[in-house]
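> Numbering-wise, numbering that gives the first Met the number 0 puts 59 at position 60 of the sequence shown, and it's gapless, one number per residue. Built from N, CA and C at the ideal position, the CB exists for glycine as well. Shown below is the structure under consideration.
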Amino acid sequence: MECPKFRLDPDSFSDEEHTISSTNGSLFITSTSKKYANSQYCIEKIKNSSMADDKLYTFVCFDSKVVGNDRIRFKMYPIGLLISCCFYAMTLAVYISIEKLRNLPGKILICLVSSLLLAYLGIALGQLMPTSNNKVCVISGFLVYFFLMSAFSWMNITCFDIWKTFGSTKSKNVQRREQRNRFIWYSVYGWGLAIVLTIITATLSTSDVLSENIRPNFGNGRCWFTYDTIGYASLIFFSGPLGILLIINLVLFLLTLKYCNRVKREIFRMQSSNAEKPALRNRFFVDKTRFIMNTKLCFVMGITWLLEIASILLYDHKKNFFWSISDSFNVLLGVFVFFIFVFKRRVWNEIMMKLGFKTRSDPRRTGNTTCLTQSTYSAPSVSMRKMDIDEGEKSLTRI
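Here it is as structure tokens:
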């Protein structure tokens, strides 16, 4: 059968139940009342690793109107993912190789980008090298799920950390001593939340507790959630947790913006003769730069996955406008991350010095254009009342 085709699996998906006419050999799909001529489908025997005997499956030609656009999209999708993987790898190489970037914010970014790299690599390989091995299919699907959830967990940590930085009243030295312990707790949350969600999804995927239309069904004909209907399983187990994290990020963003404006007002109210004012101003601009970069990342990742949720809700093979937009943003995310965090003057200077093309310049000229430092806005000699930052006002939310 010379046409792009898909497999019908009525055992896993009731909407794919079908009958074959004994008179003219046509195939009839019950749920859609659609009829296929005997030249539009075929029956093939496929090996199944979970069964002793081979099984017969029915394959049906895609709608020709859909295939034209989808064929281009499905070919470009893994290529775009691999391009993003290259930019993720370059971002990791920069932040791992340059010592100044391996502070607490840098380590958080390394974990975030590593998760995105592995998730995108898994999706791309799944597209380029599809497998008929059910175990490989299930394992790869859950690995992609784990790394995507961990990426958004680390994004949540990024927003929480910048909020905590602006709201902190502790001295810079105390903060430095706490960074290692804080990163340990961040790691417990970042990887732990993804592990818990993956275990829950895997357990319910093989359990009969949930009805079939909301069960994850990893490996039952597909390596990922199905979008044949409205995609309830994806909304509950994937888009739902992401939506909650994005809402928390938005709250943290608003709280950080509030702290940022307050600190800015208080610093510029200080008398010019105050010896602490220049240092506090420099620290403020350092963390403000980091806040702006994190805001860009949150915006890009948030928009990307909001479009993904919209494409699931508005799913229609014949009207794949939202799919095309969300896919375009998704596959280019690595490019955005690279330009946000690497294509910066200070980072670029560090790269040039690391490669030996430049010598280290006067440190007095490099203090206010980077996000490389974990700083605070309270010096020992500055009145806490004047800074007007109450640690009790913090709440667990994120940018």
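(1) For Asn212, which option in Lys106, Ala118, Ser233 has the closest C-alpha, if you only look at C-alpha atoms?
(2) Output needed for Trp190: all residues of its chain with C-beta closer than 7 Å, excluding positions within five of it in sequence on either side, in chain order.
(3) Tell me which same chain residues have a C-beta within less than 6 Å of the C-beta of Arg6, skipping the five on either side of it?
(4) Which whole-angstrom value describes the C-beta separation of Phe151 and Thr197, a residue pair presumed to lie in contact below a C-beta threshold of 8 Å?
(5) Please go through the same chain and pick out, in chain order, the residues whose beta-carbon is closer than 6 Å to the beta-carbon of Ile19, but skip the five residues on each side of it.
(6) Buried or exposed for Asp333, please, with buried defined as at least 16 other CB atoms from any protein chain shown within 10 angstroms of its CB.
(7) From the DSSP output, in three-state form, read off Cys84 for me.
(8) How would you call Cys85, buried or exposed, if buried means at least 16 neighbouring beta carbons within 10 angstroms?
(9) Counting pairs of beta carbons, one from the segment 234-252 and one from the segment 291-304, are three or more of them closer than 8 Å?
(10) What are the residues that DSSP puts in a beta bridge with Phe27?
(11) Need the endpoints of the beta strand (DSSP E) that Cys60 sits in, please.
(12) When you compare only the Cα positions, how much space is there between Cys60 and Tyr94?
(13) Tell me the DSSP bridge mates of Glu43?
(14) Cβ of Asp80 within 8 Å of Cβ of Ile42?
(15) Closest to Glu16 by CA distance: which of Thr31, Ser186, Ala36 is it?
(16) Is the beta carbon of Phe224 less than 8 Å from the beta carbon of Met292?
(17) Quick one, are the C-beta atoms of Met89 and Phe252 less than 8 Å apart?
(18) Looking at C-alpha atoms only, which residue of Asp326, Leu91, Thr157 is the closest neighbour of Phe73?
(19) Run through DSSP, which three-state label would Arg6 get?
(20) Anyone know if the C-beta pair for Ile107 and Tyr35 falls short of 8 Å?
(21) Residue range of the alpha helix (DSSP H) that Met352 falls in?
(22) Use the C-beta contact count for Trp153: other C-beta atoms within 10 angstroms, 16 or more gives buried, fewer gives exposed.
(23) From Gly105 to Ile82, what distance separates their C-alpha atoms?
(24) Report the three-state DSSP secondary structure of Asp160 (helix, strand or coil).
(25) What whole-angstrom Cβ distance do Ala118 and Leu91 have, given they're in contact under 8 Å?
(26) Rounding to the nearest angstrom, what Cα-Cα distance links Phe335 and Leu115 in this structure?
(27) Which residues in the same chain have their Cβ closer than 6 Å to the Cβ of Lys357, if we skip the five residues on either side of it in sequence?
(28) Rounded to a whole number of angstroms, what is the C-alpha to C-alpha distance between Phe182 and Leu103?
Taking the structure as given:
(1) For the purposes of this step, residue 212 is taken as residue 213 along the sequence shown, with counting starting at 1. Nearest Cα to Asn212 within the set Lys106, Ala118, Ser233: Ser233.
(2) For the purposes of this step, residue 190 is taken as residue 191 along the sequence shown, with counting starting at 1. Within the same chain, Trp190 has close Cβ partners Ser149.
(3) Along the sequence shown, one-based indexing puts residue 6 at 7. Taken in chain order, the residues that qualify are Tyr56, Phe58.
(4) Your numbering for residue 151 matches position 152 in the sequence shown. Your numbering for residue 197 matches position 198 in the sequence shown. The pair is not a contact, with the Cβ atoms about 13 Å apart (cut-off 8 Å).
(5) In the sequence shown, counting from the first residue as 1, residue 19 sits at position 20. For Ile19, where only same-chain residues beyond five positions count, the Cβ hits under 6 Å are Leu26.
(6) Indexing the sequence shown from 1 puts residue 333 at position 334. The displayed chain sequence assigns Gly, not Asp, to residue 333. It is buried - the Cβ of Gly333 has at least 16 other Cβ atoms within 10 Å.
(7) Within the sequence shown, numbered from 1, the residue matching residue 84 stands at position 85. Collapsing the DSSP output to three states places Cys84 in a helix.
(8) Locating residue 85 in the sequence shown gives position 86, counting from the first residue. So Cys85 ends up on the exposed side.
(9) yes
(10) In the sequence shown, residue 27 corresponds to position 28, counting from 1. Paired residues: Thr18, Lys34.
(11) Counting from one through the sequence shown, the residue named residue 60 turns up at place 61. Cys60 -> beta strand (DSSP E) spans 54-60.
(12) One-based indexing of the sequence shown puts residue 60 at position 61. One-based indexing of the sequence shown puts residue 94 at position 95. Going from the Cα of Cys60 to the Cα of Tyr94 covers about 48 Å.
(13) Working through the sequence shown from its first residue, we reach residue 43 at position 44. Tyr56, per the DSSP bridge assignment.
(14) Translated into the one-based positions of the sequence shown, residue 80 becomes position 81. Translated into the one-based positions of the sequence shown, residue 42 becomes position 43. Sequence inspection shows Leu at residue 80; the Asp mentioned does not correspond to that position. In this structure, Ile42 does not lie closer than 8 Å to Leu80 by Cβ.
(15) Walking along the sequence shown from the start, residue 16 turns up at place 17. Of the candidates Thr31, Ser186, Ala36, the one whose C-alpha sits nearest the C-alpha of Glu16 is Thr31.
(16) Within the sequence shown, numbered from 1, the residue matching residue 224 stands at position 225. Within the sequence shown, numbered from 1, the residue matching residue 292 stands at position 293. No, the Cβ-Cβ distance between Phe224 and Met292 is not below 8 Å.
(17) Position 90 of the sequence shown, counting from 1, holds the residue named residue 89. Position 253 of the sequence shown, counting from 1, holds the residue named residue 252. In this structure, Phe252 does not lie closer than 8 Å to Met89 by Cβ.
(18) Here residue 73 corresponds to residue number 74 of the sequence shown, with the count starting at 1. Per the Cα distances, Asp326.
(19) Here residue 6 refers to the residue found at position 7 of the sequence shown. Note: Arg6 maps to strand in three-state DSSP.
(20) On the sequence shown, position 108 is the one that residue 107 refers to. On the sequence shown, position 36 is the one that residue 35 refers to. Not a contact, by the Cβ cut-off of 8 Å.
(21) The residue given as residue 352 occupies position 353 in the sequence shown. Taken as a continuous stretch (DSSP letters only), the alpha helix (DSSP H) holding Met352 covers 344-353.
(22) The sequence position of residue 153 within the sequence shown is 154, counting from 1. Looking at its Cβ environment, which holds 16 or more other Cβ atoms inside 10 Å, Trp153 is buried.
(23) As a position in the sequence shown, residue 105 is number 106, starting the count at 1. As a position in the sequence shown, residue 82 is number 83, starting the count at 1. Distance between the alpha carbons of Gly105 and Ile82: 23 Å.
(24) If you number the sequence shown from 1, residue 160 lands on position 161. Correct three-state label for Asp160: helix.
(25) The count along the sequence shown starts at 1 and reaches residue 118 at position 119. The count along the sequence shown starts at 1 and reaches residue 91 at position 92. Contact doesn't hold; Cβ gap of about 14 Å is too wide.
(26) For the purposes of this step, residue 335 is taken as the residue at position 336 of the sequence shown. For the purposes of this step, residue 115 is taken as the residue at position 116 of the sequence shown. The straight-line gap from Cα to Cα measures roughly 12 Å.
(27) In the sequence shown, counting from the first residue as 1, residue 357 sits at position 358. So the qualifying residues of the chain are Met351.
(28) Position 183 of the sequence shown holds residue 182. Position 104 of the sequence shown holds residue 103. Spanning the two alpha carbons is a distance of roughly 7 Å.
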